[in-house]
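Chains as they are written, first to last, in the working numbering: chain A, 50 to 295; chain B, 38 to 288.
Notes to accompany the following structure.
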Amino acid sequence: MLHDIGTVFWRDWIVLKKRLTKFIFSRMVAPLLYLTAFGLGLGRSVNLDSGSYLDFIVPGIIALNSMNISFHSVISIHAERVYHKSLEEYFLAPISATAFLIGKLLGAVLRSIISTAIIILLAKIFGANFSLSITFFAVLILNSVIFAEVGFFAAMKLSSYEEMAQVNTYILLPMSFMCGTFFSTAVLPEVVKFLVDCLPLTHTSLLMRSITHGGDITYTSGLILICYASVGFLACLKAFQKLLEE
Amino acid sequence: MIEIKNLVKIFPHRNANKNYTLKTAVDNLNLSIRRNEIFGVLGKNGAGKTTLIRLLTMQLSPTSGNIFYDNEPVEKNSAKIKRLIGVVPQHINFDQELNVGENLELHARLFGIEKNLRRKKISDLLEYLELGDCVNENVRKLSGGMKRRLLIARALIHEPQILFLDEPTVALDPQVRRKIWSLIEDLQKKGATIILTTHYIEEAEKLCQRVAILKTGKLIALDTPKNLCEKFAAKNLEEVFIKLTGQKEQI
Numbered sequence: 050m051l052h053d054i055g056t057v058f059w060r061d062w063i064v065l066k067k068r069l070t071k072f073i074f075s076r077m078v079a080p081l082l083y084l085t086a087f088g089l090g091l092g093r094s095v096n097l098d099s100g101s102y103l104d105f106i107v108p109g110i111i112a113l114n115s116m117n118i119s120f121h122s123v124i125s126i127h128a129e130r131v132y133h134k135s136l137e138e139y140f141l142a143p144i145s146a147t148a149f150l151i152g153k154l155l156g157a158v159l160r161s162i163i164s165t166a167i168i169i170l171l172a173k174i175f176g177a178n179f180s181l182s183i184t185f186f187a188v189l190i191l192n193s194v195i196f197a198e199v200g201f202f203a204a205m206k207l208s209s210y211e212e213m214a215q216v217n218t219y220i221l222l223p224m225s226f227m228c229g230t231f232f233s234t235a236v237l238p239e240v241v242k243f244l245v246d247c248l249p250l251t252h253t254s255l256l257m258r259s260i261t262h263g264g265d266i267t268y269t270s271g272l273i274l275i276c277y278a279s280v281g282f283l284a285c286l287k288a289f290q291k292l293l294e295e
Numbered sequence: 038m039i040e041i042k043n044l045v046k047i048f049p050h051r052n053a054n055k056n057y058t059l060k061t062a063v064d065n066l067n068l069s070i071r072r073n074e075i076f077g078v079l080g081k082n083g084a085g086k087t088t089l090i091r092l093l094t095m096q097l098s099p100t101s102g103n104i105f106y107d108n109e110p111v112e113k114n115s116a117k118i119k120r121l122i123g124v125v126p127q128h129i130n131f132d133q134e135l136n137v138g139e140n141l142e143l144h145a146r147l148f149g150i151e152k153n154l155r156r157k158k159i160s161d162l163l164e165y166l167e168l169g170d171c172v173n174e175n176v177r178k179l180s181g182g183m184k185r186r187l188l189i190a191r192a193l194i195h196e197p198q199i200l201f202l203d204e205p206t207v208a209l210d211p212q213v214r215r216k217i218w219s220l221i222e223d224l225q226k227k228g229a230t231i232i233l234t235t236h237y238i239e240e241a242e243k244l245c246q247r248v249a250i251l252k253t254g255k256l257i258a259l260d261t262p263k264n265l266c267e268k269f270a271a272k273n274l275e276e277v278f279i280k281l282t283g284q285k286e287q288i
């Protein structure tokens with residue numbers, strides 16, 4: 050099992066290694082824009098009791114960035130399944146669906162960690178104040194796993210590239226702005242807040258903000274993320290195995 | 038060696054009115070494939086050849102029926118049986134992000150070939166298939182014939198006992214086609230069992246010890262090319278095929 054996971058991860062690592070420089074530079078663009086526009090630009094006119102707006106948004110940017118990176122890391126599986134048919138190689142091999150899924154999730158987590166490291170570095174250069182801990186990385190990994198699972202599930206189920214793009218439009222984009230990344234969800238109307246509180250990115254933002262600013266950790270949020278990751282894992286396995294029946 | 042018993046595969050099919058109907062791709066198939074033979078599967082487009090290969094190679098689950106490899110049912114021994122088989126698919130399905138060598142290495146790793154053996158096997162196979170200079174080439178840049186040979190190289194890395202070739206010479210020029218024929222015969226001499234689907238009746242007649250002809254998922258004939266010609270009073274296998282399926286295939 051470990052060998053099989055390693056093989057699937059090896060493939061993703063080889064692909065990443067070939068374009069590591071490009072990956073690093075491209076991952077700097079969005080955080081730079083967010084930090085400049087929201088942190089330095091808009092942030093100067095925002096007053097917060099707890100510190101600067103830049104300090105406030107850094108955990109939010111990390112949360113939404115890890116969501117985007119991990120999702121986009123695995124959606125190439127869609128092209129491998131639908132267009133290149135290279136996914137068949139894994140169906141023919143004596144490896145389990147679980148090993149394949151874990152290998153792919155690890156690849157997504159690695160990309161997410163690299164891009165988070167870039168944001169942390171940039172945020173420090175911009176003068177943001179925050180602290181990191183092991184719990185922070187645990188939340189980062191959980192968030193990456195959840196959204197890699199969203200990408201994996203969509204890649205297994207959807208039949209066209211257009212439909213894949215719609216996942217980004219209808220799921221990721223609203224979450225990017227609504228889930229406590231750029232402002233506190235406490236200011237939202239009750240009904241909207243209830244809906245937003247059901248989404249995983251809200252809990253990642255909450256947890257990351259608490260951890261980086263030395264606040265209390267909400268264990269319920271951690272539990273919700275674990276539930277999302279577990280349910281997502283099972284759904285992905287089922288979707289992968291279902292391909293054998295089609 | 039391979040026993041197929043009452044094999045059925047039914048797919049949900051969306052018709053022009055966007056309603057779902059059921060389409061039987063393989064219909065109550067019974068046959069056995071012997072060790073070390075080259076076994077041909079013939080049929081018109083949509084006859085069920087590729088579905089049969091996908092069922093035999095565990096890329097699809099049957100709706101009902103059983104497949105046995107050396108009397109072992111596939112559903113209970115899939116990992117073990119997968120190590121015995123190699124598959125050359127109809128379409129080119131390399132990992133587009135990996136080069137020639139990396140594609141072969143991925144396959145070798147997936148089949149658990151040890152690190153110290155991998156490099157040697159890859160280099161030997163690429164030499165054998167006259168692709169020795171291509172190890173670092175992008176797979177997208179290879180010619181059609183080179184891609185076909187690379188598919189065969191990939192399928193052979195883990196030294197399978199049974200090789201499935203799904204239309205291995207489609208769209209290839211005569212020289213490359215003959216090269217692949219001699220390769221198939223060479224593999225049989227080395228002890229492999231080969232299951233071949235093809236639209237080229239001449240290919241089946243030249244290579245196969247026995248052929249099965251499918252029509253709408255049903256087995257309509259099974260014998261040696263010679264016996265089929267005698268049975269249907271035909272000059273060659275192509276005539277048999279036309280008599281049974283009512284369609285002239287490509288030659």
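Beta carbons: idealized from backbone N, C-alpha and C, even for Gly.
None of the values given here were measured: they were computed from a predicted structure.
- By the C-beta criterion, the region 67 to 87 of chain B is judged to be in contact with the region 221 to 232 of chain B, since at least 3 inter-stretch pairs fall below 8 Å.
- Sequence-distant Cβ neighbours of B/R214 in its own chain, meaning closer than 7 Å and more than five residues away, are T206.
- Nearest to A/L272 by C-alpha distance, out of A/T251, A/I162 and A/L292, is A/T251.
- Under the Cβ criterion of 8 Å, A/E138 is counted among the residues facing chain B.
- Remark: C-beta atoms of A/G92 and A/Y102 approach each other more closely than 8 Å.
- Between A/I195 and A/A278, the C-beta spacing is below 8 Å.
- For the region 118 to 150 of chain B, the beta-carbon criterion of a distance under 7 Å to any beta-carbon of chain A is satisfied by K119, R120, V124, P126, H128, N130, F131, D132, Q133, E134, L135, E139, L143, H144, R146, L147, F148 and G149.
- By alpha-carbon distance to B/F48, the top candidate from B/L179, B/K42, B/S101 and B/I189 is B/S101.
- B/A116 has a beta carbon lying within less than 8 Å of a beta carbon in chain A.
- Chain A places a beta carbon closer than 8 Å to that of B/Q96, counting this residue as a contact.
- Contacts with chain B at 8 Å (Cβ-Cβ) do not include A/L171.
- For the pair B/N140 and B/N175, the CB atoms are not nearer than the 8 Å cut-off.
- Pairing B/Y165 with B/I189, the inter-Cα distance amounts to about 11 Å.
- If you look at A/H252, you'll find it in the alpha helix (DSSP H) that goes P249 to T261.
- By the C-beta density criterion, B/Y57 is exposed, having fewer than 16 other C-beta atoms within 10 angstroms.
- Residue B/I221 holds the alpha-carbon nearest to the alpha-carbon of B/D203 among B/E276, B/I221, B/L168 and B/P211.
- Closer than 8 Å to the CB of A/W59 there is at least one CB belonging to chain B.
- Contact between the region 39 to 47 of chain B and the region 104 to 114 of chain B is present, with at least three C-beta pairs closer than 8 Å.
- Here A/V78 is exposed, its C-beta having fewer than 16 other C-beta atoms within 10 Å.
- Nearest to B/I118 by C-alpha distance, out of A/L141, A/A128, A/K173 and A/G281, is A/L141.
- At the C-beta level, A/A172 and A/F289 stay beyond 8 Å of one another.
- DSSP places B/P99 outside any alpha helix (DSSP H), giving it a letter other than H or E.
- Between the region 236 to 250 of chain B and the region 119 to 131 of chain B, the count of C-beta pairs closer than 8 Å stays below three; the two stretches do not touch.
- By the Cβ-count criterion, A/Y219 is exposed, with fewer than 16 other Cβ atoms from all chains shown falling within 10 Å of its own Cβ.
- The residue among B/N52, B/K60 and B/P99 with its C-alpha nearest the C-alpha of B/L66 is B/P99.
- The beta carbon of A/H121 sits no closer than 8 Å to any beta carbon of chain B.
- Nearest CB-CB separation between A/S135 and chain B: below the 8 Å threshold.
- If you ignore the 5 residues before and after B/G182, its C-beta comes within less than 6 Å of the C-beta of L209 and V213, all in its own chain and listed in chain order.
- Residue pairing for B/T61: DSSP places it in a beta bridge opposite B/I47.
- Between B/L265 and B/L274, the C-beta spacing is below 8 Å.
- Exposed is the label assigned to B/D223, since fewer than 16 other Cβ atoms lie within 10 Å of its Cβ.
- Exposed is the label assigned to A/Y210, since fewer than 16 other Cβ atoms lie within 10 Å of its Cβ.
- Residues R160, S161 and S164 of the same chain have their beta carbon placed closer than 6 Å to that of A/I118, with the five preceding and five following residues left out of the count.
- A/G200 places its beta carbon less than 8 Å from that of A/I124.
- Each residue's CA atom was taken as its position, placing A/D104 and A/F179 some 7 Å apart.
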